[in-house]
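Protein chains in written order, with the working numbering: chain C, 9 to 116; chain E, 112 to 226.
Where is the CB? At the ideal position from N, CA and C, for every residue including glycine.
Quick notes on the structure that follows.
Written as C-alpha cells, this is what we have:
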C-alpha cells in the first residue's frame, strides 16, 4: 500500500534556528517526490521536487532511497516559513499521495 | 495566482442532498485532479481526468462522480450527502500525464459543510 508518514503534526522552532520536517514513504516503484506548502489563507503550491534538486526559499530535501525518506530542511528558519507542509510522492497516473502534513510555526 | 478556479467557495447543504462542485483548470492544462481534505483523513486523491477521459480513481465513494467536459472544465458531483462528507475539496490541474508535466497547480478549494 502507498503510505506517507509525516511524524510531526506540529513543529515549532525559533527564527534563525535550523528546521527539519520529516517524511517517510512506503511506495511501490520509483515515485517522484514533492513537498507542497500551504501558507495561511492561500492555496497549496509546490515547494520543491526531488528530481530538480533545487533549493527553494532556502529549503532543500534529500531523497534517501535506503531509508525511504525525503526530509525537508532549512538551515535558518524565517517567520514567513510558518505554514502547513505536505510531503507527497507521485506515482502512477500522476496522483499525489499526501502525508498528514506538518504545521510549522516559526517563533520570533 | 495558479489560474485554477473553483466555484463555489463555500457550500452549506443538508444531509441527503446533492451538490456539484466546479473546477476550471489553468489555460492549456489537460489533466484535472480532485482531492478531498478532511480533518481525520487528511488530503486524499479522489479522481483524475485527462482530456475528457477518466485516468485514475482513488478513494472516491460510489455516491460521488465526476466528469471533464470538452472545454476541459470539470465537475465533481456529490450525492446522498452525509455529515462525514463535510470537507475541503480541491481541484488541481497539470499539462499532461507524463514527462515534465508532473507539477500540479491547485485551486483555492470549495468548503462543503453538510448539516
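Q | Proximal residues of chain C, C-beta to C-beta of residue 215 of chain E below 7 Å | A | Going along chain C in sequence order, the residues near residue 215 of chain E (Cβ under 7 Å) are 104.
Q: Just grab the DSSP bridge partners of residue 21 of chain C for me.
A: C/114.
Q. Listed in chain order, which residues of the segment 51-79 of chain C have Cβ atoms closer than 9 Å to some Cβ of chain E?
A. So the close ones are 51, 52, 53, 54, 57 and 59.
**Q.** Residues within the segment 159-184 of chain E neighbouring chain C, beta-carbon criterion of under 8 Å
**A.** Of all residues in the segment 159-184 of chain E, 159, 166, 167 and 169 have a Cβ within less than 8 Å of some Cβ in chain C.
Q. Going by DSSP, what residues sit across from residue 134 of chain E in a beta bridge?
A. E/117 and E/185.
**Q.** Contact list for the segment 144-157 of chain E against chain C, Cβ threshold 8 Å
**A.** So the list reads 144, 146, 153, 154, 155 and 156, given in the order they occur along the chain.
Q) Are the segment 60-75 of chain C and the segment 145-155 of chain E in contact at 8 Å, needing three or more beta carbon pairs? A) Output reads no: the segment 145-155 of chain E does not touch the segment 60-75 of chain C.
Q: Check the Cβ-Cβ distances between residue 94 of chain C and every residue of chain E, and say whether any is below 8 Å.
A: Yes - at least one Cβ of chain E is within 8 Å of the one on residue 94 of chain C.
Q. Between which two residues does the beta strand (DSSP E) containing residue 40 of chain C stretch?
A. Segment 40-46, the beta strand (DSSP E) holding residue 40 of chain C.
Q: Could you tell me whether the Cβ of residue 139 of chain E comes closer than 8 Å to any Cβ of chain C?
A: Cβ-Cβ to chain C under 8 Å: no for residue 139 of chain E.
Q.
Determine, for residue 37 of chain C, whether the minimum Cβ-Cβ distance to residues of chain A falls below 8 Å.
A. No chain A appears in this structure, whose protein chains are C and E.
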